[in-house]
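To keep things clear, I will list the structure first and then write my remarks on it.
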Amino acid sequence: MLDINHILVVLDQEHPEQYALDRAVWLAKATNSDLTLMTCAWDTYGDDSARIDEATRHSIKGALSQRAQSWLDSLLEDRDVANVTVRTEVHWQKHLHDGAIESIRNTDFDLVIKGTQPHTLLQRIFTHTDWNLMRHCPAPVMLVKSATPWKHNRVLAAIDSTSRDTGHELINDNILSFAEHLADHFETDLHLANAYPMVAVAFAMVPEVTAPDDIQKYITEQHEEGCAAWAKKFNIADDHIHIGEGDTDVVIADIAKETEADLVVVGTIGRGGLSGVLIGNTAEALVDKLECDILVIKPQDGVRPDIS
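What follows is the structure, encoded as structure tokens:
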């Protein structure tokens with residue numbers, strides 16, 4: 522049975538405010554989970570590859586690691602963590618996502634939480650920490666957008682209802698399983714969102730090809746039928762199914778705003794490399810469009826063991 526018992530909070534020392542920690546403390550209390558707070562310390566002169574004597578390297582490494590540990594400790598001073606088990610970790614890693622993945626190798630975390638800020642194109646090209654976590658972290662990743670508390674505890678699950686390959690079936694099942702668990706825990710209704718393409722626009726770009734009659738109607742019906750099947754499996758009310766026409770990231774962001782969702786649960790195949798930059802991933806595109814938190818699920822996250 523899906524449950525949230527162990528939460529990893531990835532804390533970036535460059536962020537002025539730690540939204541992720543505030544959300545994690547609240548979730549830990551709500552789900553009776555324990556927290557592990559982690560950050561990284563690193564410097565060229567303290568690394569083993571530095572061309573200085575070993576004693577100096579160890580001194581630099583120790584000083585920077587202690588500074589990072591003191592920073593973690595200071596974050597807890599002004600927060601109420603009574604009755605929450607909290608551990609801290611400082612990893613000697615240049616990149617924050619490498620430290621997070623190293624931490625997950627040692628502990629079986631059910632959820633990873635990190636704060637996020639608007640991303641530039643250059644950050645995407647050079648694979649920002651958030652992208653690396655979404656693509657490679659072996660656990661569901663929640664990115665927190667702001668310090669605003671969840672107002673309704675309303676969860677919106679975004680799926681591709683017409684995909685029939687095993688990978689997308691597993692992603693859909695994982696998305697809805699996690700979303701259902703949170704909705705049940707907070708005793709709120711689960712909403713389902715799905716986007717379908719604007720076929721007329723696609724055919725307009727290729728005028729020499731004539732669009733089949735009623736092709737848009739056929740596609741719309743396929744998505745409606747697919748959503749109905751998934752909704753039935755997860756006991757989602759008909760009036761909580763939201764289907765829109767257009768680009769997925771735009772449609773889902775609009776639905777999230779209209780439904781006043783506090784959290785959008787979405788899947789990703791984790792496309793990496795240049796194709797990930799040029800083609801993009803829906804989950805990554807959504808991060809900067811959503812006003813609420815986003816929870817990213819991958820096929821390998823193991824949220825649900827089967828697709829029955």
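Numbering-wise (the working numbering), the sequence shown opens with residue 522 and increments by one. We put the beta carbon where it would ideally sit given N, CA and C, even for glycine. Note that the structure is predicted; figures quoted are calculated from it, not measured.
What is the rounded straight-line gap between the Cα of ASP775 and the Cα of HIS579?
-> 52 angstroms
Nearest to ALA700 (by Cα), restricted to the options ALA584, LYS550 and VAL785 | VAL785
Three CB pairs or more closer than 8 angstroms across the region 580 to 589 and the region 607 to 621 = yes
Cβ contact check for the region 657 to 666 and the region 763 to 771: 3 or more pairs under 8 angstroms = no
From the DSSP output, in three-state form, read off LEU532 for me.
-> coil
Taking just the CA atoms, how far does ASN756 sit from THR683?
-> 19 angstroms
Use the C-beta contact count for ASP599: other C-beta atoms within 10 angstroms, 16 or more gives buried, fewer gives exposed.
-> exposed
GLN534, buried or exposed, once every other Cβ within 10 Å from all chains shown has been counted against 16 | exposed
Any chain D beta carbon closer than 7 angstroms to ASP524 = As a matter of chain content, chain D is missing from the structure shown, which is built from one protein chain.
C-beta contact flag for LEU691 and PRO820 at 7 angstroms = yes
CB of LEU593 within 7 angstroms of CB of THR606, strictly | no
Please list, in chain order, all residues of the same chain as VAL665 whose beta carbon is under 6 angstroms from its beta carbon, the five residues on each side excluded.
-> TYR540, ALA541, ARG544, GLY636 and ASP814
Hey, how far is the Cα of ASP827 from the Cα of THR565?
-> Since pLDDT at ASP827 reaches only 42, below the 50 mark, its modelled position is unreliable, and the value read off the structure follows with that caveat. Straight-line Cα distance between these residues: approximately 45 angstroms.
May I ask which residues mark the beginning and end of the beta strand (DSSP E) holding LEU677?
-> 676 to 679
Leaving aside the five residues before and after GLY567 along the sequence, list all residues of the same chain whose C-beta is less than 7 angstroms from its C-beta, in chain order.
-> ARG578, ILE581, LYS582 and LEU585
Measure the beta-carbon distance from ALA782 to LEU677 and round it to whole angstroms, keeping in mind my assumption that it falls under 8 angstroms.
-> 4 angstroms
Going by DSSP, what residues sit across from LEU513 in a beta bridge?
-> The structure shown has nothing for residue 513, since the chain only spans 522 to 829.
Does DSSP classify ASN616 as helix, strand or coil?
-> Residue identity check: residue 616 is His in the sequence provided, not Asn. Residue state, collapsed to three classes: coil.
If you draw a straight line from the C-alpha of LEU617 to the C-alpha of TYR739, how long is it?
-> 46 angstroms
Do you know offhand how far ALA549's Cα is from PRO718's?
-> 39 angstroms
Determine the burial state of ASP694: buried for a count of at least 16 other Cβ atoms within 10 Å of its Cβ, exposed for fewer.
-> buried
In terms of alpha-carbon separation, which member of LYS778, MET559 and THR789 lies closest to THR628?
-> MET559
Among GLN587, ASN604, TRP652 and VAL546, the one whose alpha carbon lies nearest that of GLN638 = TRP652
In the DSSP assignment, find the alpha helix (DSSP H) that holds THR593 and state where it starts and stops.
-> For the record, residue 593 in the displayed sequence is Leu; it is not Thr. It spans 575 to 598 - the alpha helix (DSSP H) in which LEU593 sits, taken as one unbroken run.
C-alpha distance - VAL772 paired with ARG685, whole-angstrom precision | 21 angstroms
If LEU529 sits next to PHE630, beta carbons under 8 angstroms apart, how far is it from one beta carbon to the other, in whole angstroms?
-> 4 angstroms
Mind checking ALA589: buried by the 16 CB within 10 Å criterion, or exposed?
-> buried
Alpha-carbon to alpha-carbon, ARG626 and SER554 | 19 angstroms
Taking DSSP as the reference, what is the three-state secondary structure of GLY788?
-> strand
Under 7 angstroms between C-beta atoms of LEU811 and ALA758 = no
The beta strand (DSSP E) enclosing ASP555, as first and last residue numbers | 555 to 562
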